[in-house]
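Asker:
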Amino acid sequence: MAFMEWRRFTFFDLNKSIDSGKISEALKGSQITTSSSGHNNLVFGDAEGFVHLANRSFDVSTFRAHDGKVNCVHHIQHSSFLVTVGEDEGGNSILRVWDTEKKDKQGSPSSLRSHRLQPGGRGATVTALAVHQNQLVAVGHSDGTILLQRGDVGRERATKQVVLRDSSDSISGLAFRITARAMFLFVATTAGSFLYNITTKDKEFKQNLDSLGCERNCCVATDCIPECNFIIGRTDAVYCYTPEGRGPCYAIEGKKKLLQISRTYLVVVAEDRKPGGGEENSITSLTLTVLDLQNKFLVYTAPVREVQAVLSEWGYFLVLTEGNNLLALAEKDVQSKLSMLFKKNLYDVAIRIAKSQQYDAEGLSDIFRQYGDHLYSKGDHSGAIEQYIKTIDTLEPSYIIRKFLDSQLIEYLTTYLQALHKYGLAGEDHTTLLINCYSKLNRTDKLREFVLTKDRDLDFDVDTAIKVCRQVSSADALTLALKHRRHDWYVKIQLEDKQEYKKVLEYISELPFHDAEANMKKYGPLLLKEAPQETTDFLKKLCSNYKPKGEPLIDPREFDGSRLEENRANPEEFIHLFLENPDMLIQFLEHSIQVDPHESNLVYNTLVEQYLQVWEAGDMEEKRQLGQKVIMLLQNPDANYDRAQTLILCQLHHFSDGLLYLYEDSKMYQHMMRYYASSRDYEGLLACCRKFGGQEPTLWVQALNACSKDSGAPAHVLSEILLVIEKDRLLPPLLVIDALASSSATLGDVRSYLLGVLKGEEEMTKQEQALIEKYSAETRAIRQQINAIETSNVIFRANLCNACNQHLEMPSIHFLCQHSFHQHCFQSCSESDHECPVCLPNNKKIMDIIKSQVRKCKQHHKPFIKLNLIQGAIKISSRVIP
Numbered sequence: 000m001a002f003m004e005w006r007r008f009t010f011f012d013l014n015k016s017i018d019s020g021k022i023s024e025a026l027k028g029s030q031i032t033t034s035s036s037g038h039n040n041l042v043f044g045d046a047e048g049f050v051h052l053a054n055r056s057f058d059v060s061t062f063r064a065h066d067g068k069v070n071c072v073h074h075i076q077h078s079s080f081l082v083t084v085g086e087d088e089g090g091n092s093i094l095r096v097w098d099t100e101k102k103d104k105q106g107s108p109s110s111l112r113s114h115r116l117q118p119g120g121r122g123a124t125v126t127a128l129a130v131h132q133n134q135l136v137a138v139g140h141s142d143g144t145i146l147l148q149r150g151d152v153g154r155e156r157a158t159k160q161v162v163l164r165d166s167s168d169s170i171s172g173l174a175f176r177i178t179a180r181a182m183f184l185f186v187a188t189t190a191g192s193f194l195y196n197i198t199t200k201d202k203e204f205k206q207n208l209d210s211l212g213c214e215r216n217c218c219v220a221t222d223c224i225p226e227c228n229f230i231i232g233r234t235d236a237v238y239c240y241t242p243e244g245r246g247p248c249y250a251i252e253g254k255k256k257l258l259q260i261s262r263t264y265l266v267v268v269a270e271d272r273k274p275g276g277g278e279e280n281s282i283t284s285l286t287l288t289v290l291d292l293q294n295k296f297l298v299y300t301a302p303v304r305e306v307q308a309v310l311s312e313w314g315y316f317l318v319l320t321e322g323n324n325l326l327a328l329a330e331k332d333v334q335s336k337l338s339m340l341f342k343k344n345l346y347d348v349a350i351r352i353a354k355s356q357q358y359d360a361e362g363l364s365d366i367f368r369q370y371g372d373h374l375y376s377k378g379d380h381s382g383a384i385e386q387y388i389k390t391i392d393t394l395e396p397s398y399i400i401r402k403f404l405d406s407q408l409i410e411y412l413t414t415y416l417q418a419l420h421k422y423g424l425a426g427e428d429h430t431t432l433l434i435n436c437y438s439k440l441n442r443t444d445k446l447r448e449f450v451l452t453k454d455r456d457l458d459f460d461v462d463t464a465i466k467v468c469r470q471v472s473s474a475d476a477l478t479l480a481l482k483h484r485r486h487d488w489y490v491k492i493q494l495e496d497k498q499e500y501k502k503v504l505e506y507i508s509e510l511p512f513h514d515a516e517a518n519m520k521k522y523g524p525l526l527l528k529e530a531p532q533e534t535t536d537f538l539k540k541l542c543s544n545y546k547p548k549g550e551p552l553i554d555p556r557e558f559d560g561s562r563l564e565e566n567r568a569n570p571e572e573f574i575h576l577f578l579e580n581p582d583m584l585i586q587f588l589e590h591s592i593q594v595d596p597h598e599s600n601l602v603y604n605t606l607v608e609q610y611l612q613v614w615e616a617g618d619m620e621e622k623r624q625l626g627q628k629v630i631m632l633l634q635n636p637d638a639n640y641d642r643a644q645t646l647i648l649c650q651l652h653h654f655s656d657g658l659l660y661l662y663e664d665s666k667m668y669q670h671m672m673r674y675y676a677s678s679r680d681y682e683g684l685l686a687c688c689r690k691f692g693g694q695e696p697t698l699w700v701q702a703l704n705a706c707s708k709d710s711g712a713p714a715h716v717l718s719e720i721l722l723v724i725e726k727d728r729l730l731p732p733l734l735v736i737d738a739l740a741s742s743s744a745t746l747g748d749v750r751s752y753l754l755g756v757l758k759g760e761e762e763m764t765k766q767e768q769a770l771i772e773k774y775s776a777e778t779r780a781i782r783q784q785i786n787a788i789e790t791s792n793v794i795f796r797a798n799l800c801n802a803c804n805q806h807l808e809m810p811s812i813h814f815l816c817q818h819s820f821h822q823h824c825f826q827s828c829s830e831s832d833h834e835c836p837v838c839l840p841n842n843k844k845i846m847d848i849i850k851s852q853v854r855k856c857k858q859h860h861k862p863f864i865k866l867n868l869i870q871g872a873i874k875i876s877s878r879v880i881p
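0 is the number of the first residue of the sequence shown in numbering that gives the first Met the number 0; add one for each residue after it.
#1: Measure the Cβ-Cβ separation of ALA137 and LEU184 and say whether it is below 9 Å.
#2: Would you tell me roughly how many angstroms separate the C-alpha atoms of LYS15 and GLY44, rounded to the nearest one?
#3: Would DSSP call VAL162 helix, strand or coil?
#4: Inspect the beta-carbon positions of ASP271 and LEU290 and report whether they are closer than 9 Å.
#5: By DSSP's criteria, TRP97 is part of a beta bridge. Which residues make up the other side?
#6: Quick check: TRP488 and ILE507, are their CB atoms within less than 9 Å of each other?
#7: Output yes or no for whether 9 Å exceeds the beta carbon distance between LEU576 and GLY523.
#8: Going by the DSSP bridge assignment, what does ARG149 pair with across the sheet?
#9: Look up LYS15 in the DSSP assignment and say whether it is helix, strand or coil.
#10: Checking the sheet assignment: what are the DSSP bridge partners for ILE31?
#11: How would you call THR463, buried or exposed, if buried means at least 16 neighbouring beta carbons within 10 angstroms?
#12: Hey, LEU698 and CYS687: beta-carbon distance below 9 Å or not?
#13: Just the Cα atoms here: how many angstroms apart are ILE781 and ILE788?
#14: From ASP514, ALA676, HIS653 and ARG642, pick the residue whose C-alpha is nearest to that of LYS666; which is it?
#15: How many whole angstroms separate the CB atoms of ASN196 and ALA220, which I take to be in contact at a CB cut-off of 8 Å?
#16: Is ALA127 closer than 9 Å to SER92 when the C-beta atoms are compared?
#17: Touch check for the region 164–178 and the region 189–206: three-plus C-beta pairs under 8 Å?
#18: Quick check on THR199: buried or exposed, where buried means 16 or more other Cβ atoms within 10 Å of its Cβ?
#19: Taking all protein chains shown into account, do 16 or more other C-beta atoms lie within 10 angstroms of the C-beta of TRP313, making it buried, or fewer, making it exposed?
#20: Can you list, in chain order, the residues of its chain with a C-beta nearer than 8 Å to that of GLU719? Leave out the 5 residues immediately preceding and following it.
#21: Roughly how many angstroms separate the alpha carbons of LEU721 and ASP664, rounded to a whole number?
#22: How is ILE260 classed by DSSP in three states: helix, strand or coil?
#23: May I ask you to report which of helix, strand or coil DSSP gives THR126?
#24: What is the rounded straight-line gap between the Cα of LEU633 and the Cα of MET519?
#25: Could you check the C-alpha separation between SER338 and ILE366 for me, to the nearest Å?
#26: Assign THR534 to one of three DSSP states: helix, strand, or coil.
#27: Counting C-beta neighbours from all protein chains within 10 Å, is the total for VAL318 16 or more, i.e. buried, or is it exposed?
#28: Hey, would you say ALA53 sits closer than 9 Å to LYS21, going by beta carbons?
#29: Let me know if MET672 comes out buried or exposed under the rule of 16 or more other beta-carbons within 10 Å of its beta-carbon.
#30: Would you decide whether ILE724 is buried or exposed? Buried here means 16 or more other CB atoms lie within 10 Å of its CB.
#31: Here's the rule: buried if 16 or more other CB atoms are within 10 angstroms of the residue's CB, otherwise exposed. What is GLY693?
#32: Cβ atoms of VAL503 and LEU904: under 9 Å apart, would you say?
#33: Identify every run of the alpha helix (DSSP H) within the region 499–525, keeping only runs that are complete inside it and at least 4 residues long; order them along the chain.
#34: Can you check DSSP and say which residues form a bridge with VAL69?
#35: Are LEU807 and HIS818 touching if we call contact CB-CB under 9 Å?
#36: Pairing CB atoms from the region 30–37 with CB atoms from the region 324–342, are three or more of them under 8 Å?
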């Protein structure tokens, strides 16, 4: 690439007084012959054998390393070891290793090793030095000889030396290249360049790279650029090499004086000849140029005076010029670079710079946005959308969408929306917009490809896609819903757009239980309206042990003994669907209680209600059939209906059979009497009294009151009621007469009752008279007996004990009643010391009668109270019975 084609920027700032003159002062009068840097030190060697070390504060310490000139120095980057090569008094080359962190007594770095170099030819000087990680050292000489040492640099005995001599040209530079599989030594001479494969000890072999060489200090090595491991500067260009051969070259004119590299920045110091009055009169000056080899930028250029060294340390390029003055090239920070590029609208360059500096995603996105805005303002909509797509992760899509809503820019908007879906960041509105864009652009094929292509990642909102597709093509929307198993959408479109009710039922029957249940709850009313029988049949299956259509009737897991959950919907949740179709509801509920006789209270109550509604509106045959069903349901012991509610329903719909059954089953006999009385069913009234009067005698009294209120009551009914009341003495005659006084009953209707009562009273009077005469006779006899006892002697003639029937023996006890007992017998069988054990039971009975009569005499008003209570009860009964 020609140098003139590179974009030019100023990404470095020159600082002419970074050390405040400390280096110049410390090196005053010294002739610098070589330099290096590493481990936070700058190293300078001079012609007098001294080495000068400068730290981060540019404080310089000097020590003598050699007796003569210091030819080469190398400070290992991540070690405190410093390697120097210089001459002794005899002109021989000496390699020494120093530890800059360990000091000797004079405060100088301690010497670890000193080794005399013995190349093949005498008088050859050292021109190049390379050291790698304390393990490899290569020393190049002016006669082309290379000494290669392996082993620990700091230990003399650990190193092994090999002499490599395949050229007679002076060595300009050396560099090691170590990979995972091999080790190489790059060599540059004044006449050519080559490398050695030094992977295997004592089996080093040479490989030519180029027939052109370079001057000393005009070659460098780097690991940061894959295509440039070894760089050589020549007059016409800068050439790059790798172990595979020559790589790219960069046409930079001018004789190269010095090269240095750090990361991807290459510093080139070259002569710049300006034409004068001829070749001899041309003016020669030096130019320092910094190249960004990765991005192919010229990032700094400036004329300089004579340059003795260029070092890289502490993030600077440190340039030692004539007079030992130190200049520093400091790289601008990334933000400053970007600001400079933004002002020039060089967004593509800014992006490359940001990427090379490992800029974060958010920062890159902002650059892409600015670049897109710039291209948009210039009318380059295609380029703008390309940049906007790169902001998808961080920039709000609405920012871009608003710019391209114009109808003429829909194509670019479509491109952006496609990318948004590809990244999986599209929302419902974005999907809608993209599908609408396809529609407006008449790209039906793209639309179908977007929503229907198989085996692709789902990068859109399916529900939105179906919704928009439905507006364009119901068939495509159905296909999309079917593909992505959007059951609700499929059913909705089939019902509302296609009116395919039976097909919908067929589809739902293939769904898993929960999906089928949800769809029937949502669309059940419409399906029942349009396909009642088919819908009811499916609901029956859903509320049984449901299995999707096409699945085996027996789950294979049952053979393993696994207990599977029964898929059975709750019938209660579907009752409301049948509001306008009672016949189907009856079918559904009958099936539900057949499947599970212990269904809920609501199911049974609803079924009874539906039965009664249809019964009330039906003809005679329907009434007969439904009446039987209701009674069978009420009589079923497993039926879980609410009796109170069912009773109300029977009353509401005038279903007498059910009402009477519930009254009887609940022992509500008075309610039965009330029903018969209100309906003037006197045969039923009489039958109820006959059946339950024994358990509840007051039913006959209620029946009497009911008949007394109705002039149309049959005479034989009243006669039977009066007969039972008379027979069981359920009511005093006066109260019966009082109850019938206001009725239309004639004397003939109650004649038999009155005659029976009078006859009974007459018989009772006769019985009472007979008892009076009996008790009077007994009383006279007792009085005579008492009088005899009081006025005459009593002779005890008994000779047997009335207790043991043995002859009496003294002591004995005699009673006036002529009963006698042994004393011990009397004591064992008598309950009282003054009562005859034989006469005691009869006497006690008589005494109880006397006491009872006395009490009755004292409570002569109680019969009237009792009579008033009975009359009150009759009046209350007459008010209760309708």
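Note that beta-carbon positions come from the ideal geometry of N, C-alpha and C, so glycine has one too.
All values reported here derive from a predicted model rather than from experimental measurement.
Answerer: Once the coordinates are examined:
#1: In the sequence shown, the residue the question calls residue 137 occupies position 138. In the sequence shown, the residue the question calls residue 184 occupies position 185. Yes, these two residues count as a Cβ contact at 9 Å.
#2: Along the sequence shown, one-based indexing puts residue 15 at 16. Along the sequence shown, one-based indexing puts residue 44 at 45. If you draw a straight line from the Cα of LYS15 to the Cα of GLY44, it is about 22 Å long.
#3: Translated into positions along the sequence shown, residue 162 becomes position 163. Strand, per DSSP.
#4: On the sequence shown, position 272 is the one that residue 271 refers to. On the sequence shown, position 291 is the one that residue 290 refers to. No, the pair does not count as a contact, with Cβ atoms beyond the cut-off.
#5: The sequence position of residue 97 within the sequence shown is 98, counting from 1. In the DSSP output, where bridge partners are listed per residue, TRP97 has LEU81 and SER110.
#6: As a position in the sequence shown, residue 488 is number 489, starting the count at 1. As a position in the sequence shown, residue 507 is number 508, starting the count at 1. In this structure, TRP488 sits away from ILE507, with a CB-CB distance that is not shorter than 9 Å.
#7: Residue 576 sits at position 577 when you count from the first residue of the sequence shown. Residue 523 sits at position 524 when you count from the first residue of the sequence shown. Contact: yes.
#8: Against the sequence shown, residue 149 aligns to sequence position 150. BP columns for ARG149 point to LEU135 and LYS159.
#9: Here the question's residue 15 lines up with position 16 in the sequence shown. In the structure shown, LYS15 sits in coil (DSSP, three-state: anything other than H, G, I, E or B).
#10: Here residue 31 is taken as the residue at index 32 of the sequence shown, counted from 1. According to DSSP, ILE31 bridges with ASP45.
#11: Residue 463 sits at position 464 when you count from the first residue of the sequence shown. Per the 10 Å Cβ criterion, buried.
#12: Taking the first residue of the sequence shown as 1, we reach residue 698 at position 699. Taking the first residue of the sequence shown as 1, we reach residue 687 at position 688. With respect to CYS687, LEU698 sits close: the two C-beta atoms are nearer than 9 Å.
#13: Counting from 1 along the sequence shown, the entry for residue 781 is found at position 782. Counting from 1 along the sequence shown, the entry for residue 788 is found at position 789. If I take the Cα positions, the gap works out to 11 Å.
#14: Counting from 1 along the sequence shown, the entry for residue 666 is found at position 667. Of the candidates ASP514, ALA676, HIS653 and ARG642, the one whose C-alpha sits nearest the C-alpha of LYS666 is ARG642.
#15: The residue labelled residue 196 in the question sits at position 197 within the sequence shown. The residue labelled residue 220 in the question sits at position 221 within the sequence shown. About 16 Å separates the two Cβ atoms, so there is no contact after all.
#16: Here residue 92 refers to the residue found at position 93 of the sequence shown. Here residue 127 refers to the residue found at position 128 of the sequence shown. Pairing SER92 with ALA127 gives a Cβ-Cβ distance that is not under 9 Å.
#17: Cβ pair count under 8 Å is three or more, so yes.
#18: Position 200 of the sequence shown, counted from the start, is the residue given in the question as residue 199. Exposed.
#19: Locating residue 313 in the sequence shown gives position 314, counting from the first residue. Counting C-beta atoms within 10 angstroms of its own C-beta, TRP313 has fewer than 16 neighbours from the protein chains shown and is therefore classed as exposed.
#20: The residue given as residue 719 occupies position 720 in the sequence shown. Closer than 8 Å at Cβ, skipping near neighbours: LEU685.
#21: For this step, residue 721 is matched to residue 722 along the sequence shown. For this step, residue 664 is matched to residue 665 along the sequence shown. In this model, LEU721 and ASP664 are separated by some 28 Å (Cα to Cα).
#22: Along the sequence shown, read from residue 1 onward, the residue named residue 260 stands at position 261. Correct three-state label for ILE260: strand.
#23: For the purposes of this step, residue 126 is taken as the residue at position 127 of the sequence shown. THR126 sits in a strand when the DSSP states are folded into three classes.
#24: Position 634 of the sequence shown, counted from the start, is the residue given in the question as residue 633. Position 520 of the sequence shown, counted from the start, is the residue given in the question as residue 519. Cα to Cα, LEU633 sits roughly 31 Å from MET519.
#25: To locate residue 338, count along the sequence shown from 1; it is residue 339. To locate residue 366, count along the sequence shown from 1; it is residue 367. The alpha-carbon atoms of SER338 and ILE366 are separated by roughly 11 Å.
#26: For the purposes of this step, residue 534 is taken as the residue at position 535 of the sequence shown. DSSP, reduced to helix, strand and coil, places THR534 within a helical segment of the structure shown.
#27: Against the sequence shown, residue 318 aligns to sequence position 319. So VAL318 counts as buried.
#28: Locating residue 53 in the sequence shown gives position 54, counting from the first residue. Locating residue 21 in the sequence shown gives position 22, counting from the first residue. Going by C-beta atoms, ALA53 is nearer than 9 Å to LYS21.
#29: Walking along the sequence shown from the start, residue 672 turns up at place 673. Result: buried.
#30: Counting from one through the sequence shown, the residue named residue 724 turns up at place 725. In summary, ILE724 is buried, with 16 or more beta-carbon neighbours lying within 10 Å of its beta-carbon over all protein chains present.
#31: In the sequence shown, the residue the question calls residue 693 occupies position 694. Exposed is the call here.
#32: With the chain represented from 0 up to 881, any question about residue 904 goes unanswered, as that position is not in the structure.
#33: As far as the region 499–525 is concerned, its whole alpha helix (DSSP H) runs of at least 4 residues are 500–507.
#34: The residue given as residue 69 occupies position 70 in the sequence shown. Per DSSP, GLY85.
#35: Residue mapping note: residue 807 aligns to position 808 of the sequence shown, counting from 1. Residue mapping note: residue 818 aligns to position 819 of the sequence shown, counting from 1. Not closer than 9 Å, so no.
#36: Not touching, per the Cβ criterion.
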